[in-house]
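Enquirer:
In this note's numbering, the protein residues as written are 20 to 298.
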């Protein structure tokens with residue numbers, strides 16, 4: 020039996036509103052009662068075994084919650100994905116930009132490549148300065164405690180990054196916008212609602228984390244609409260998270276050099292690794 024709702028069916032909108040209310044209730048309860056409490060407890064952990072157990076739990080919960088809710092929501096609202104994308108792509112400015120990309124695909128690829136190189140270069144410069152000054156790299160939001168501290172934790176950081184790129188983009192760039200669009204008929208509500216919800220769910224990172232992830236969510240949505248494929252924001256999201264959970268810990272703390280089995284406890288305030296001067 021096909022579960023995807025027919026956009027022309029009279030009961031489609033009420034069903035989608037009920038589905039959205041259920042999704043919102045689950046995510047809000049998770050954010051307010053679970054994420055904040057678990058993260059505050061995680062910040063006190065000094066044992067890498069306990070930290071890795073929490074990483075493993077976060078990975079499983081994220082996959083089941085966002086992956087499961089995203090799949091279930093798409094089963095209901097999948098029929099609105101293409102109409103929403105088509106309407107968004109027709110907005111003034113976006114229509115011309117998509118036309119430019121279609122006419123000059125090589126130029127677009129070069130621009131994306133330059134932007135990627137620029138982001139990487141800025142990150143490397145910031146890392147170098149942080150190591151030179153013996154201070155931590157400035158990050159947006161309260162995520163320092165989450166940064167892996169050894170090789171074993173870096174593996175979890177990699178898994179968390181890839182998982183977030185896939186399940187969160189499917190959830191917040193495909194499923195939730197389609198459901199809001201199907202329920203309300205408004206593309207503006209679909210974009211604004213999904214972006215704001217994405218940012219609000221990072222409450223455990225503080226106000227700066229909410230603002231930062233809201234901006235990132237808006238950029239991901241723009242990339243999805245301009246590119247016309249969910250693959251682009253999935254890849255970029257994973258890269259952003261790999262930057263935070265793999266590149267920075269390795270470059271700042273030398274996490275890739277530390278064996279968690281030999282050093283099972285981490286300091287409360289780990290210091291950056293400062294390269295020894297050349298003889």
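For glycine and all other residues, C-beta sits at the position ideal for the given N, C-alpha and C.
Keep in mind that this is a model prediction, so the values were computed, not measured.
Given that a residue counts as buried once 16 or more other Cβ atoms are within 10 Å of its Cβ, and exposed if not, what is residue 263?
Expert: The residue in question, residue 263, is buried, as its Cβ has 16 or more Cβ neighbours within 10 Å.
Enquirer: Can you tell me which of 40, 259, 196, 225 puts its alpha carbon nearest to the alpha carbon of residue 99?
Expert: With distances taken between Cα atoms, residue 99 lies closest to 196.
Enquirer: Using a Cβ-Cβ cut-off of 6 Å (strictly less than) and excluding sequence neighbours within five positions of residue 54, which residues of its own chain qualify?
Expert: If we look at residue 54 and ignore the five residues flanking it on each side, its Cβ neighbours are 223.
Enquirer: Which ranges would you report for the alpha helix (DSSP H) in the region 160-200 if only whole runs of at least 4 residues count?
Expert: You should have 170-188.
Enquirer: Name the residue from 120, 278, 167, 132 whose alpha carbon lies nearest to the alpha carbon of residue 255.
Expert: The option with the nearest alpha carbon to residue 255 is 132.
Enquirer: Does the beta-carbon distance from residue 188 to residue 252 come in below 9 Å?
Expert: Contact flag set, yes.
Enquirer: So what does residue 243 bridge to, in DSSP terms?
Expert: DSSP output for residue 243 lists no bridge partner at all.
Enquirer: Verify the contact flag: residue 60, CB atom, against every heavy atom of the ligand SAH, threshold strictly below 8 Å.
Expert: Although the ligand SAH was asked about, the structure shown includes no ligands whatsoever.
Enquirer: Checking the sheet assignment: what are the DSSP bridge partners for residue 284?
Expert: The partner list for residue 284 (beta bridge, DSSP) reads 66.
Enquirer: Measure the C-alpha to C-alpha separation of residue 279 and residue 268 and round it to an integer number of angstroms.
Expert: Approximately 14 Å between the Cα atoms of the pair.
Enquirer: I'd like the list of long-range same chain contacts for residue 162, defined as Cβ closer than 8 Å, with 5 residues on each side in sequence excluded.
Expert: Closer than 8 Å at the Cβ level, and outside the excluded window around residue 162, lie 224, 228, 263.
Enquirer: Go through its chain and collect everything with a Cβ distance to residue 17's Cβ below 8 Å, but skip five positions before and after it.
Expert: The shown model of the chain, from 20 to 298, leaves out residue 17, and the question about it has no answer.
Enquirer: Rounded to the nearest angstrom, what separates residue 107 and residue 213 at their Cα positions?
Expert: Each residue's alpha carbon lies about 14 Å from the other.
Enquirer: Would you decide whether residue 51 is buried or exposed? Buried here means 16 or more other CB atoms lie within 10 Å of its CB.
Expert: When all chains shown are included, residue 51 counts as exposed.
Enquirer: Would you mind reading off the limits of the alpha helix (DSSP H) that contains residue 223?
Expert: Taken as a continuous stretch (DSSP letters only), residue 223 belongs to no alpha helix (DSSP H), as it is neither H nor E.
Enquirer: May I ask you to verify whether the region 173-180 touches the region 70-81, counting CB pairs closer than 8 Å and requiring at least 3?
Expert: Touching, per the Cβ criterion.
Enquirer: Using a 10 Å radius around the Cβ and a threshold of 16 neighbouring Cβ atoms, would you call residue 20 buried or exposed?
Expert: Reliability fails at residue 20, whose pLDDT of 39 lies under 50, so the model's placement of it is uncertain and the value that follows must be treated cautiously. Flag for residue 20 reads exposed.
Enquirer: Using 8 Å as the Cβ pair cut-off and three pairs as the minimum, do the region 34-43 and the region 101-119 touch?
Expert: No, the region 34-43 is not in contact with the region 101-119.
Enquirer: Please report the straight-line C-alpha distance between residue 23 and residue 94, rounded to a whole angstrom.
Expert: If I take the Cα positions, the gap works out to 5 Å.
Enquirer: Answer yes or no: do residue 84 and residue 198 have a C-beta to C-beta separation smaller than 9 Å?
Expert: Cβ atoms of residue 84 and residue 198: not closer than 9 Å.
Enquirer: What are the start and end residues of each continuous alpha helix (DSSP H) run of 4 or more residues lying completely inside the region 61-114, in chain order?
Expert: Counting only runs of 4 or more, we get 67-81, 87-96, 100-108.
Enquirer: Using a threshold of 9 Å, state whether the C-beta atoms of residue 186 and residue 273 are closer than that.
Expert: No, they are not a contact pair.
Enquirer: Which word fits residue 31, buried or exposed, when buried means at least 16 other C-beta atoms lie within 10 angstroms of its C-beta?
Expert: Buried, by the Cβ-count rule.
Enquirer: Which of helix, strand or coil does DSSP assign to residue 36?
Expert: In the structure shown, residue 36 sits in a helix (DSSP, three-state: H, G or I).
Enquirer: With H, G and I counted as helix, E and B as strand and the rest as coil, what does DSSP make of residue 27?
Expert: Here residue 27 sits in coil by DSSP.
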